[in-house]
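Shown next, in structure tokens, is the structure this report addresses.
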Amino acid sequence: MLKIVEKTVTLEFPRAHHLHCLLCQIPNQIRMENEADPAAISTSKWERIHSILKLVAQGSGNLGKLHFLVFPETVLPVEYFAATLEYIERNFRNNTVTMIGLERMRLTDFCALAGQFRADNAELLESIRTDRLSGDIDCLNVNSAATIIKDANGETRVYLQAKSHPFALEEKLEANRDLYHGKVFPLWRSEPNAFNFMALICFDYIYRTLLRSNITQVMDHANEMFFSSRQQLDLLVVLECNPKPEHNTFRDVIHGFYGELLEASPGVRETVTVFCNNTKLIDPPAEVREDDTFGYSSVVISYRKQVHHSKLAEFSIDDYGGLPISRLRFGPENRLYYFNLPVFYEFDPRTTRMPLKVHRVYKSTESGEWENISTSDNSTHQGEHC
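The opening position of the sequence shown corresponds to residue 839 in my numbering, with each subsequent residue numbered one higher.
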């Protein structure tokens, strides 16, 4: 069962002002056994990520105000994790949070990686130690994600988590396809200006069984946080490599999360939920059908935010088929989306100002760089907002 572990971090986010997020909807290549040139695949994936890290470090336009950088799951080759961490330590601004999915690795390697950052991952390491005592599981693969926080003091903290929910290939009879299932998920509580956030990996967002649901654990924990301290879960990020971003299962959970169908949930009432998906799979495995649709990352907020429905060339705003939400829905293309994260106390409820705005949309060039799209259809949403 999911165990939420609170972690206190020092992030001097602006008080009474929205934050900024860069969502990276980029291609991905799922690693297979007996690859012809595995080093070339790893290098290609790293070069794509490195180009985005460089863009953030340069901070052109208002990217210098970036607070959250979000990548999909399974995009970072494990052998380039050290290079990613070093680049963030040297070049990123303070008060920056990077969330990124790591390629699958053996449990022994995952444990060794977490051991490099033992102070930040003590509960995770203890959970793995307990699981290892119950049987021979070192051969299992781990689908994991890293959250790298460069805090207000310039210190870098690294937190790891393993996916807890079974994925499609685990629905087969062969046990050798199973993954290790994580049980520890951090919830970061930033100080001095309270902002609380979490990350989940794709299907960790949906029900595991009818009686054991990760998302209800998140909601219950957020409610306790609200009743004890009058704080809430401000941001929930879901890192995906999902061929079915419009699946009814996700829609049902979103409905329950924001709709208060069975009980009041003040701890998540104003949560901003960000779904970051891959745009496509490169050389997809045989199990992936040709008509599977990737991309369509999205941002979901409560209907109370009064976001008006609209549709532009690169994104649209709707209510996901009648849910009590507003959804900023992006397209299927290879894009970087830079937008603001509205905070619950930011706007007077009588205002007509849009609380959720897309500042910039970047597309990839032939040289592998990123350029801002400035079409007339999106001009009202891509100005330099503060």
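Backbone N, C-alpha and C define an ideal beta-carbon position, used for all residues, glycine too.
Please read all numbers here as calculations on a predicted model, not as lab measurements.
Are residue i and residue j closer than 7 Å when you measure CB to CB?
i	j	result
Phe-838	Phe-1153	This structure gives no information on residue 838, because the portion of the chain shown stretches from 839 to 1224.
Cys-1079	Val-908	no
Val-1106	Met-1057	yes
Leu-923	Asn-959	no
Glu-941	Arg-869	yes
His-1194	Cys-859	Note that residue 1194 is Leu in the sequence shown, not His. No, Cβ-Cβ distance for Leu-1194 and Cys-859 is not below 7 Å.
His-1146	Asp-1156	no
Ser-1202	Gln-863	no
Ile-1139	Val-1110	yes
Gln-954	Asp-1121	no
Thr-1087	Ile-1044	yes
Ser-880	Pro-915	yes
Leu-978	Tyr-1018	yes
How many angstroms separate the CA atom of residue i from the CA atom of residue j?
i	j	result
Glu-1084	Ser-1067	35 Å
His-1197	Val-894	14 Å
Asp-1215	Glu-1209	A caution first: Asp-1215 carries a pLDDT of 48, below 50, which makes its placement in the model unreliable, though a value can still be read off. If I take the Cα positions, the gap works out to 17 Å.
Glu-1029	Thr-846	7 Å
Asp-969	Leu-962	11 Å
Glu-1207	Met-1192	31 Å
Phe-1095	Asp-875	44 Å
Lys-883	Ser-982	17 Å
Ile-887	Met-937	12 Å
Ala-1102	Asp-947	42 Å
Leaving out five residues on either side along the sequence, give the residues of the same chain with a beta carbon under 6 Å from the beta carbon of residue i.
i	result
Leu-1025	Ile-842, Glu-844 and Met-1036
Ile-966	Cys-949
Glu-1055	Position check: residue 1055 holds Gln in this sequence, whereas Glu was assumed. Leu-840, listed in sequence order.
Ala-1038	Going by the sequence as given, residue 1038 is Leu instead of Ala. The residues are Val-1076.
Gly-1097	Pro-1162
Tyr-1176	Leu-860, His-1197 and Arg-1198
Arg-1165	Ser-1136, Val-1138, Asp-1156 and Tyr-1158
Asp-1130	Pro-1081
Assign residue i to buried or exposed, taking buried as 16 or more other Cβ atoms, counted over all protein chains shown, within 10 Å of its Cβ.
i	result
Asn-872	exposed
Phe-1065	exposed
Asp-974	exposed
His-1003	buried
His-1219	Caution is warranted here: a pLDDT of 41 is assigned to His-1219, below 50, making its placement in the model unreliable, and the coordinate value is therefore given only provisionally. Its Cβ being crowded by 16 or more others within 10 Å, His-1219 is buried.
Ala-984	buried
Arg-1173	buried
Thr-994	buried
Ala-1060	buried
Leu-1048	exposed
Residues in its own chain within less than 8 Å of residue i by CB, not counting five upstream and five downstream?
i	result
Asn-933	Leu-849, Glu-850, Phe-851, His-905, Lys-988, Asp-989 and Ala-990
Ser-1205	none
Gln-1069	Arg-1027, Ala-1032, Asn-1034 and Met-1063
Phe-919	Leu-940, Leu-951 and Ala-984
Pro-865	Arg-886, Asn-1116, Thr-1117, Lys-1118, Leu-1119, Ile-1120 and Asn-1172
Residue i by DSSP, collapsed to three states: which one?
i	result
Leu-1049	coil
Asp-969	helix
Met-1063	helix
Asn-872	coil
Val-916	helix
Thr-848	strand
Leu-1038	strand
Met-1192	coil
Asp-1156	strand
Gly-897	coil
Thr-1111	strand
Gln-1055	helix
Arg-995	strand
Lys-1021	coil
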